[in-house]
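Below is one structure, written out as structure tokens; comments come after it.
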Amino acid sequence: MKTIGGFTLIELLVVMVIASVVTLGAFGGWQSWQQLQRLNDSARQIQHFLLRLRGEANERNGQQVLWQAGNSAWCIGSGSPQRCRNNLRRVLSAPWPDIALQSLTEGMGFYGRRNVAKPGRIVITSPAGTRHIILSSRGRVRICEEVCP
50 MKTIGGFTLI ELLVVMVIAS VVTLGAFGGW QSWQQLQRLN DSARQIQHFL LRLRGEANER
110 NGQQVLWQAG NSAWCIGSGS PQRCRNNLRR VLSAPWPDIA LQSLTEGMGF YGRRNVAKPG
170 RIVITSPAGT RHIILSSRGR VRICEEVCP
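To convert, count from 1 in the sequence shown and add 49; that's my numbering.
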């Protein structure tokens with residue numbers, strides 16, 4: 050058998066096959082890691098959006114009740130229900146297309162002084178899993194991977 054630079058052709062082919070199998074396995078792991086990061090990023094964006102609404106409700110001693118719009122291209126907002134537009138301060142559009150808004154508790158929101166809120170939860174899902182964004186009656190906002198108590 051003819052050698053190429055000290056290696057036989059069969060040895061080079063075996064190394065290429067092994068490298069291909071490892072690359073394919075890593076690609077699947079990379080995609081699932083990206084989906085998980087997108088899910089966590091979306092949950093954090095919703096959490097920060099709720100904290101911003103809580104701050105506005107406290108500052109103005111007003112109410113910020115949440116609404117949702119859309120199915121596949123969803124958005125959540127406060128105030129009068131509007132279309133899903135990113136340029137509005139009180140509207141948060143779906144950050145990633147593969148993240149679905151499964152549910153939002155009706156009437157959930159903030160009611161002015163002392164961080165008073167109507168408790169509820171926002172549930173988002175993706176192929177990587179589910180996240181629950183929980184709002185307590187004292188205005189605390191937290192993220193849970195599984196169903197929170």
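The beta carbon of each residue, even a glycine, is placed where N, CA and C say it ideally should be.
Note that the structure is a prediction, hence the values are computed from the model and not measured.
**Report entry** Simplified DSSP assignment, three categories, for Ser152
**Finding:** Here residue 152 refers to the residue found at position 103 when the sequence shown is read from its first residue. Reduced to three states, the DSSP call for Ser152 is strand.
Query raised in the report: Are there 16 or more other CB atoms within 10 angstroms of the CB of Ser91, so buried, or fewer, so exposed?
Result: As a first step, residue 91 is located in the sequence shown; it is residue number 42 there, counting from the start. Label assigned to Ser91: buried.
Query - Per DSSP, cross-strand counterpart(s) of Cys197 - result: Looking up residue 197 in the sequence shown gives position 148. DSSP lists no partner for Cys197.
Query - 6 Å CB neighbourhood of Leu85 in its chain, flanking five on each side removed - result: By 1-based counting over the sequence shown, the position of residue 85 is 36. The answer, listed in chain order, is Ala177.
**Report entry** Nearest candidate by alpha-carbon position, reference Arg187, set Ser175, Arg103, Asn89 and Leu141
**Finding:** As a position in the sequence shown, residue 187 is number 138, starting the count at 1. Of the candidates Ser175, Arg103, Asn89 and Leu141, the one whose C-alpha sits nearest the C-alpha of Arg187 is Arg103.
Query - Cβ pair count under 8 Å reaching 3, the segment 139-157 against the segment 115-131 - result: yes
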